[in-house]
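Asker:
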DNA sequence: GCCCAAATTACGGAAATCCGTAAGGAAGTG
DNA sequence: CACTTCCTTACGGATTTCCGTAATTTGGGC
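Residue numbers (my numbering), protein chains in the order written: chain A, 10 to 231; chain B, 10 to 231.
1) Near residue 150 of chain A, which residues of its chain fall below 7 Å by C-beta distance, leaving aside the five closest residues on each side in sequence?
2) Taking the straight line between their C-alpha atoms, what separation do you get for residue 72 of chain A and residue 88 of chain A?
3) So with Cβ pairs under 7 Å, would you call residue 76 of chain A a contact of chain B?
4) What first and last residue would you give for the beta strand (DSSP E) that runs through residue 104 of chain A?
5) In terms of residue numbering, what span does the alpha helix (DSSP H) encompassing residue 26 of chain A cover?
6) Take every Cβ of the region 56–71 of chain A, pair it with every Cβ of the region 46–62 of chain B, and state whether three or more of those distances are shorter than 8 Å.
7) Quick check on the DSSP output: the beta strand (DSSP E) that includes residue 13 of chain A runs from which residue to which?
8) Could you check if residue 183 of chain B is buried or exposed, using at least 16 other CB atoms within 10 Å of its CB as the buried criterion?
9) What residue does the beta strand (DSSP E) around residue 43 of chain A start on, and which one ends it?
10) According to the Cβ coordinates, are residue 148 of chain B and residue 142 of chain B closer than 7 Å?
11) So if I threshold CB-CB distances at 7 Å, which residues from the region 174–190 of chain A count as touching chain B?
12) Tell me whether the beta-carbon of residue 175 of chain B lies closer than 7 Å to the beta-carbon of residue 186 of chain B.
13) Helix, strand or coil for residue 165 of chain A? Go by DSSP, reduced to three states.
14) Could you tell me which residues DSSP puts in a beta bridge with residue 84 of chain B?
15) What residue does the beta strand (DSSP E) around residue 125 of chain A start on, and which one ends it?
16) From the DSSP output, in three-state form, read off residue 194 of chain A for me.
17) Any idea what DSSP makes of residue 200 of chain A, helix, strand or coil?
18) Using a Cβ-Cβ cutoff of less than 8 Å, which residues in the same chain neighbour residue 163 of chain B once the five nearest sequence positions on both sides are dropped?
19) Under a CB-based cut-off of 7 Å, is residue 57 of chain A close to chain B?
20) Please report the residue range of the alpha helix (DSSP H) in which residue 70 of chain B lies.
21) With 16 as the cutoff for other CB atoms within 10 Å, does residue 29 of chain A come out buried or exposed?
22) Against residue 52 of chain B, what residues of chain A qualify as contacts under a CB-to-CB distance less than 8 Å, listed in chain order?
23) Let's test the definition: count the other Cβ atoms within 10 Å of the Cβ of residue 25 of chain B and tell me whether it reaches 16, buried, or not, exposed.
24) Quick one, which of B:16, B:12, B:23, B:10 has its alpha-carbon nearest residue 131 of chain A's?
25) What did DSSP end up calling residue 148 of chain A once you bin it into helix, strand or coil?
26) In the structure shown, what three-state DSSP assignment does residue 113 of chain B receive?
27) How many whole angstroms separate the CB atoms of residue 8 of chain A and residue 40 of chain A, which I take to be in contact at a CB cut-off of 8 Å?
28) Whose Cβ in chain A lies nearer than 9 Å to the Cβ of residue 20 of chain B?
29) DSSP on residue 139 of chain B, reduced to helix/strand/coil?
30) How about residue 225 of chain A and residue 173 of chain A: do their beta carbons lie closer than 7 Å?
31) Give a yes or no on whether 7 Å exceeds the smallest Cβ distance from residue 17 of chain B to chain A.
32) List, in chain order, every chain B residue whose beta-carbon is nearer than 8 Å to that of residue 111 of chain A.
33) Ignore the nearest five residues each way along the sequence and tell me which others in residue 95 of chain B's own chain have a CB closer than 7 Å to its CB.
34) Near residue 218 of chain A, which residues of its chain fall below 6 Å by C-beta distance, leaving aside the five closest residues on each side in sequence?
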């Protein structure tokens, strides 16, 4: 199993919880923890320079800003910077995020090795994830692998996303028309926008624009 | 310090984190933990019957439903039931909730003894809260006492949240009126709902309902 | 070129939203 | 009690949404 692990998590209680699991349930000896991305990066860098590098980084995604000014504001920044120096370090993300496409993005763009969702089964999932990643696997969470979670995936093109973005910003359809024409984006008639949005209502079983935006916000599509 | 404490928290990692703090930082000997309200209540009841009662209950508010059917679905239910049997038990709530009026309600309606907000300073706050409650104090969190936290927070009451929820579900104002009247919730005129929502537009600088829902979704208020 | 399917556009009407003004009611103060 | 203040309620009108039908354009295959 891993010997040397770095944990980055700003919520102290969760931080301590992870430490306890790594110590008690997995039996990892050398664990360091950080409450800020920058702090985590410094510990990582020092260990790397001392030729006593970490084998695994476990990090949250969102770090609440506070009085300390940080250059890195999210776990994504941390992962990028760490991987730039030590490309082979294993990375497990431990986060609240449960939206499949958001999680998939982490695997595709950042090549993370595992993901664990904060939740009721987090200990078992974390232990299994550690095991899998140690053996070289890529460990997807149930939120992504379960059939039920994947079935209702609707693929939207860029224009759909654009419309949803503008609607979420509170623009009326007429205002969107104006904006599209100004930016020379087609189609740009009010009628077509109506039709496209009506199709989105259908796809997402939305009753009206407000409902639609609420749904796609929850899905993390915008 | 307290000798016998019961911890109710459904997220395993947070649960373990609390245990670690209570053990390592406070030095409490006898700690029991539960992942469900009903489970917590059973442990409490057994200890009470065995004349070896808990002195303190630390509980979360929201418990995510899963396959196990529960009669108690929130920490509030748990607190009520526990206090009905053992009125003098101390209660500390440990929750995500940071809205001042929600937290105040817990002190006023349930007479809880302390509140700790899940966050970056949770360990220090929890330790201080334990100390204070042990000495008979009522320990309010910084979220309630600090001026700075209250100023830039738009405090929404339950009715506002209710409206936002219904709007996000795609109900029209007329449908909301019907629902409110059916559930005997006042106020329930279309005009008042209009006014309330208009005030929310003002508060959040929203252009229309869709924009408003997008904003409060982003803020995580609903 | 011709035909077809799909997408875009135009238009109209019932319903809902948004935003005024104004009247009625409850609670607190002197 | 009179007065103020805040909240609720009623109502109307301009704008927008939502959802039809129908005409027009686009793109591909033969």
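For every residue, glycine included, the Cβ atom is placed at its ideal position computed from N, Cα and C.
In this text the structure is predicted, and so the values were computed from the model without any measurement.
Answerer: Let's see:
1) In the first chain, the residue the question calls residue 150 of chain A occupies position 141. Excluding the 5 residues flanking it on each side, residue 150 of chain A has same chain C-beta neighbours closer than 7 Å at 112, 124, 125, 126, 134, in chain order.
2) Looking up residue 72 of chain A in the first chain gives position 63. Looking up residue 88 of chain A in the first chain gives position 79. When rounded, the distance between both Cα atoms is 13 Å.
3) Position 67 of the first chain, counting from 1, holds the residue named residue 76 of chain A. Answer no: the Cβ-Cβ gap between residue 76 of chain A and chain B never drops below 7 Å.
4) Position 95 of the first chain, counting from 1, holds the residue named residue 104 of chain A. DSSP places residue 104 of chain A in the uninterrupted beta strand (DSSP E) bounded by 99–104.
5) Translated into positions along the first chain, residue 26 of chain A becomes position 17. Secondary structure note for residue 26 of chain A: its alpha helix (DSSP H) is the uninterrupted segment 21–29.
6) Segments in contact, no.
7) Counted from its first residue, the first chain places residue 13 of chain A at position 4. According to the DSSP assignment, residue 13 of chain A belongs to the beta strand (DSSP E) that extends over 13–17.
8) Indexing the second chain from 1 puts residue 183 of chain B at position 174. Exposure of residue 183 of chain B is indicated by the presence of fewer than 16 other C-beta atoms within 10 angstroms of its C-beta.
9) As a first step, residue 43 of chain A must be located in the first chain, where it is residue number 34. 39–43 is the extent of the beta strand (DSSP E) around residue 43 of chain A.
10) The count along the second chain starts at 1 and reaches residue 148 of chain B at position 139. The count along the second chain starts at 1 and reaches residue 142 of chain B at position 133. In contact: residue 148 of chain B and residue 142 of chain B (Cβ atoms closer than 7 Å).
11) Cβ contacts with chain B come from 176, 177, 178, 179.
12) Looking up residue 175 of chain B in the second chain gives position 166. Looking up residue 186 of chain B in the second chain gives position 177. Their beta carbons are not under 7 Å apart, which means residue 175 of chain B does not touch residue 186 of chain B by this criterion.
13) Locating residue 165 of chain A in the first chain gives position 156, counting from the first residue. Coil, per DSSP.
14) As a first step, residue 84 of chain B is located in the second chain; it is residue number 75 there, counting from the start. Per DSSP, none; premise fails for residue 84 of chain B.
15) By one-based count along the first chain, residue 125 of chain A stands at place 116. It spans 123–126 - the beta strand (DSSP E) in which residue 125 of chain A sits, taken as one unbroken run.
16) Here residue 194 of chain A is taken as the residue at index 185 of the first chain, counted from 1. Coil, per DSSP.
17) For the purposes of this step, residue 200 of chain A is taken as residue 191 along the first chain, with counting starting at 1. In the displayed model, residue 200 of chain A falls within a helix according to three-state DSSP.
18) Numbered from its first residue, the second chain carries residue 163 of chain B at position 154. Counting only Cβ-Cβ distances below 8 Å, and skipping sequence neighbours, we find 212, 213.
19) The residue labelled residue 57 of chain A in the question sits at position 48 within the first chain. Not closer than 7 Å to any Cβ of chain B, the Cβ of residue 57 of chain A fails to qualify, so no.
20) As a position in the second chain, residue 70 of chain B is number 61, starting the count at 1. Counting along the chain, residue 70 of chain B falls outside any alpha helix (DSSP H), and DSSP gives it neither H nor E.
21) In the first chain, counting from the first residue as 1, residue 29 of chain A sits at position 20. Classified as buried, residue 29 of chain A has 16 or more neighbouring CB atoms from the shown chains inside 10 Å of its CB.
22) For the purposes of this step, residue 52 of chain B is taken as the residue at position 43 of the second chain. Around residue 52 of chain B, no beta-carbon contact reaches into chain A at under 8 Å, the shortest distance being about 18 Å.
23) Position 16 of the second chain, counting from 1, holds the residue named residue 25 of chain B. Burial call: buried.
24) Your numbering for residue 131 of chain A matches position 122 in the first chain. Of the residues B:16, B:12, B:23, B:10, the one whose Cα lies closest to the Cα of residue 131 of chain A is B:23.
25) Residue numbering aside, residue 148 of chain A sits at position 139 when the first chain is read from its first letter. Secondary structure at residue 148 of chain A: strand, using DSSP grouped into helix, strand and coil.
26) For the purposes of this step, residue 113 of chain B is taken as residue 104 along the second chain, with counting starting at 1. Reduced to three states, the DSSP call for residue 113 of chain B is helix.
27) Here chain A has residues from 10 to 231 only, and residue 8 of chain A is not among them.
28) As a working mapping, residue 20 of chain B is identified with position 11 in the second chain. Among the residues of chain A, those whose CB is under 9 Å from the CB of residue 20 of chain B are 23, 26, 127, 128, 129, 131, following chain order.
29) Along the second chain, read from residue 1 onward, the residue named residue 139 of chain B stands at position 130. Helix.
30) On the first chain, position 216 is the one that residue 225 of chain A refers to. On the first chain, position 164 is the one that residue 173 of chain A refers to. Residue 225 of chain A places its beta carbon less than 7 Å from that of residue 173 of chain A.
31) Here the question's residue 17 of chain B lines up with position 8 in the second chain. At least 7 Å separates the CB of residue 17 of chain B from every CB of chain A.
32) Mapped onto the first chain, residue 111 of chain A falls at position 102. Within 8 Å Cβ-Cβ: nothing; residue 111 of chain A doesn't reach chain B, min ~14 Å.
33) What you label residue 95 of chain B is simply residue 86 of the second chain in a count that begins at 1. Only residues of its own chain outside the window of five on either side were considered, and among them 57, 62 have a CB closer than 7 Å to the CB of residue 95 of chain B, listed in chain order.
34) Numbered from 1 along the first chain, position 209 holds the residue referred to as residue 218 of chain A. For residue 218 of chain A, where only same-chain residues beyond five positions count, the Cβ hits under 6 Å are 176.
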